[in-house]
Amino acid sequence: MRLIDTHTHIDFPDFDADRAAVLARSRELGVERIVVLGVHQANWQRVWQLVESDSSLFAAFGLHPIYLAEHQEQHLAELRAWLQRLHGHAQLCAVGEIGLDYFVEDLDRQAQQHWFEAQLELAVEFNLPALIHVRRSHAATIATLKRITPKRGGIIHAFAGSYEEAREYIKLGFKLGLGGAPTWPQALRMHRVLPKLPLESIVLETDSPDMPPAMYPNQRNSPEHLADICQALASRLGISAEQLAAASSANAEQLFGWSHEPSTT
1 MRLIDTHTHI
11 DFPDFDADRA
21 AVLARSRELG
31 VERIVVLGVH
41 QANWQRVWQL
51 VESDSSLFAA
61 FGLHPIYLAE
71 HQEQHLAELR
81 AWLQRLHGHA
91 QLCAVGEIGL
101 DYFVEDLDRQ
111 AQQHWFEAQL
121 ELAVEFNLPA
131 LIHVRRSHAA
141 TIATLKRITP
151 KRGGIIHAFA
161 GSYEEAREYI
171 KLGFKLGLGG
181 APTWPQALRM
191 HRVLPKLPLE
201 SIVLETDSPD
211 MPPAMYPNQR
221 NSPEHLADIC
231 QALASRLGIS
241 AEQLAAASSA
251 NAEQLFGWSH
261 EPSTT
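Here the sequence shown is numbered in the working numbering, starting from 1 and rising by one per residue.
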């Protein structure tokens, strides 16, 4: 199977001891491309250095709502400078990870909205997809995307909404990122939603090192697990793992503007 992991944080220290080995094993298991997302200003350089070292890796830069306390207004100008400097580079693929998180109650929602809108404007300015974090904030996210819509759409990371919400995102040009969460037996709503999702709107992801699938409980998640995630999700969708791998990879390539053939390191 040919796979693309559209959402990872393999720059995180969790992988410092064996990152090269993880990437090598992932390639052996069919993972041809991996997106690495920046989450705050302090890790953008680390992300880019990692991506530059391996042509199968691709970078996105953003200011994640979970790190709200770390963000400073000047970081928006710095983000714009990064996007300007790397504009057109083959390994810059998106603005992200950005979004709204209403699950963590002490995160100021007005401040989150400010950062989210400003970064969507950057995605529009630089004609890049947006990779979006949404937790218990679908209504606000959809309303915002209707006002500020990146022409190239993007991905709703770890989609866990209703079928109606899925339809709204799809109409706005977004793909739905599916990973480990729906593989768990208790993810009953997603088990009902999954078979209704159009195959042309699905992309696969791991969110490594977070959100491990049911077959790897209490473990560090990894791009190595993507094939098993694909198999589990395909069963829920009523198709073969090969069908899901092929469709999700084609969807990711279309979104990011990649050719079918991956680069070689």
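Glycine residues also receive a C-beta, built at the ideal position from the N, C-alpha and C atoms. Here the structure is a predicted model, which means the values were calculated and not measured.
message = If you follow the beta strand (DSSP E) that residue 42 is in, where does it begin and where does it stop?
response = That residue, residue 42, is in no beta strand (DSSP E); it is neither H nor E in DSSP.
request  = Compute the distance between the beta-carbons of residue 267 and residue 64, then report whether it is under 8 Å.
outcome  = What the structure shows of the chain is the stretch from 1 to 265, and residue 267 is not part of that stretch, so it cannot be assessed.
request  = With residue 202 as the anchor, note down where its alpha helix (DSSP H) starts and where it stops.
outcome  = Here residue 202 belongs to no alpha helix (DSSP H); instead the beta strand (DSSP E) covers 202–204.
key: Nearest-angstrom beta carbon gap, residue 11 and residue 47 [assumed within contact, 8 Å]   = 5 Å
Residue 114: first and last residue of the uninterrupted alpha helix (DSSP H) it sits in = 109–125
key: Whole-number beta carbon distance between residue 37 and residue 131, since they are thought to touch under 8 Å   = 6 Å
inquiry  = Whole angstroms are fine: how far does the CA of residue 209 sit from the CA of residue 127?
reply    = 29 Å
query = So, does the CB of residue 160 fall closer than 8 Å to a CB anywhere in chain D?
reply = Structure shown: chain D not included; a single protein chain is present.
request  = Measure the C-alpha to C-alpha separation of residue 167 and residue 137 and round it to an integer number of angstroms.
outcome  = 16 Å
inquiry  = Taking the beta carbon of residue 108 as the centre, do at least 16 other beta carbons fall within 10 Å, making it buried, or is it exposed?
reply    = exposed
query = Measuring from the CB of residue 135, is there a heavy atom of the ligand SAM at a distance below 7 Å?
reply = The ligand SAM is not part of the structure shown, which contains no ligands of any sort.
Beta-carbon spacing of residue 99, residue 141 below 8 Å = yes
query = Cβ of residue 1 within 8 Å of Cβ of residue 245?
reply = yes
Endpoints, the alpha helix (DSSP H) within which residue 133 is located = No alpha helix (DSSP H) holds residue 133; the beta strand (DSSP E) holding it covers 130–135.
inquiry  = For residue 269 and residue 236, I'd like the C-alpha separation in whole angstroms.
reply    = With the chain covering only 1 through 265, there is no way to say anything about residue 269.
ask   = Under a Cβ-count criterion, where at least 16 other Cβ atoms within 10 Å of its own Cβ denotes burial, should residue 257 be classed as buried or exposed?
value = exposed
query = Leaving out five residues before and five after residue 227 in sequence, what residues of the same chain have Cβ atoms less than 7 Å from its Cβ?
reply = 1, 3, 29 and 30
ask   = Using the C-alpha atoms, what's the distance from residue 171 back to residue 143?
value = 13 Å
message = For a test of the three-state rule: what should DSSP assign to residue 265, helix, strand or coil?
response = With a pLDDT of 43 at residue 265, under the threshold of 50, the modelled position of that residue is not reliable, and the figure given next carries that caveat. Residue 265 falls in the coil class under three-state DSSP.
key: Top-ranked residue by Cα proximity to residue 243, from 74, 200 and 215   = 200
query = By Cβ distance below 7 Å, which residues in the same chain neighbour residue 32 in space, the five residues on each side in sequence not counted?
reply = 2, 3, 4, 56 and 262
ask   = Relative to the alpha-carbon of residue 160, which residue among 124, 174, 193 and 50 has its alpha-carbon at the smallest distance?
value = 193
inquiry  = Suppose contacts are defined by Cβ-Cβ distances below 8 Å. Is residue 156 in contact with residue 124 by that definition?
reply    = no
query = Cα-Cα, which of 54, 70, 197 and 217 is closest to residue 42?
reply = 70
request  = Report buried or exposed for residue 188, applying the criterion of at least 16 other Cβ atoms within 10 angstroms of its Cβ.
outcome  = exposed
ask   = Can you list the alpha helix (DSSP H) stretches of 4 or more residues lying completely in the stretch 222–263, in chain order?
value = 226–237 and 241–256
query = How about residue 218 and residue 206: do their beta carbons lie closer than 8 Å?
reply = no
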